[in-house]
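K.L.:
Heads up: the sequence shown begins at 589 in my numbering, then just goes up one per residue.
No residue lacks a Cβ here, since even glycine has one placed at the ideal position from N, Cα and C.
Below you'll find the structure I mean.
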Amino acid sequence: MCNISKTKTGLKISITDIIKTSAAGREQPILFLPYFIENPNICPASTINNDMDVTSQLRPVNIDNLIISSKKPHKPASSQTLGRWIKQTLAESGVDVSVFSAHSTRHAATSAAAAHGVCIDTIRKTAGWLDQFVSDLCQVL
């Protein structure tokens with residue numbers, strides 16, 4: 589969690605792992621999650637803060653991952669566990685998980701954001717897309 593810093597207006601998360609858009613000479617992205625003061629119940633930054641507070645007593649000193657398993661010993665949650673949790677949440681939300689998977693949530697989230705008027709540059713930065721990808725996508729549409 590050393591890659592997460594709290595500010596007065598939100599959370600800054602430095603992405604240090606190699607990701608799809610990583611390349612030599614290219615800066616790694618920094619994700620900024622502003623606090624949604626109007627409704628903290630749906631605020632991702634507040635949720636992460638709350639999770640860090642709640643899990644601080646469970647988290648072993650040598651574990652720096654944000655998401656840990658719910659069962660002892662509290663190790664970093666695996667990608668399989670995260671996928672299962674996402675799929676379970678989708679199902680409990682009424683989503684047909686035979687059609688939509690944990691992986692398709694990124695596409696669904698970006699599409700929903702665009703449909704609700706979120707600026708394409710904000711979507712691009714949040715999704716980790718390159719400028720060229722957005723330019724190519726807009727030409728297709």
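Could you check what DSSP says for LYS675 in three-state terms: helix, strand or coil?
P.N.:
In the three-state DSSP reduction, LYS675 falls in the helix class (H, G or I).
K.L.:
Is it a yes or a no for the region 634-649 touching the region 660-671, going by three-plus beta-carbon pairs under 8 Å?
P.N.:
yes
K.L.:
Which residue's Cα is closest to the Cα of ILE636: LYS600, ALA612, GLU626, THR669?
P.N.:
For ILE636, the nearest C-alpha among the options comes from LYS600.
K.L.:
Using only the alpha-carbon positions, how far apart do ILE708 and HIS695 sit?
P.N.:
14 Å
K.L.:
Among GLY671, ALA715, CYS590, ALA690, which one has its Cα closest to the Cα of ALA701?
P.N.:
The candidate whose alpha carbon is nearest that of ALA701 is ALA715.
K.L.:
Have a look at ASP724 and ILE630 and give me their C-alpha separation to the nearest angstrom.
P.N.:
Here the model assigns ASP724 a pLDDT of 48, short of 50, so the residue's position is not dependable, and the following value carries that caveat. Between ASP724 and ILE630, the alpha-carbon positions lie close to 32 Å from each other.
K.L.:
Considering LYS713, what are the terminal residues of the alpha helix (DSSP H) in which it resides?
P.N.:
708-715
K.L.:
Classify LEU621 as buried or exposed, calling it buried when 16 or more other Cβ atoms lie within 10 Å of its own Cβ.
P.N.:
buried
K.L.:
Which residues in the same chain have their Cβ closer than 7 Å to the Cβ of MET589, if we skip the five residues on either side of it in sequence?
P.N.:
MET640, ASP652, LEU654
K.L.:
Which whole runs of the beta strand (DSSP E) in the region 601-656 are 3 residues long or more, in chain order?
P.N.:
618-622
K.L.:
Going by other Cβ atoms of all chains shown within 10 Å of its Cβ, with 16 needed for buried, is GLY598 buried or exposed?
P.N.:
buried
K.L.:
Within 10 angstroms of its Cβ, does ALA703 collect 16 or more other Cβ (buried), or is it exposed?
P.N.:
The residue in question, ALA703, is exposed, as its Cβ has fewer than 16 Cβ neighbours within 10 Å.
K.L.:
Could you please give me the residues that DSSP links to PRO661 through a beta bridge?
P.N.:
Paired residue(s): none; PRO661 is not in a bridge.
K.L.:
Please name the residue in PRO617, LYS608, VAL683 whose C-alpha comes closest to that of ILE558.
P.N.:
The question about residue 558 has no answer, for the chain in this structure spans 589 to 729.
K.L.:
Starting from SER593, follow its DSSP beta bridges and name the residues at the other end.
P.N.:
DSSP output for SER593 lists LYS600 as bridge partner(s).
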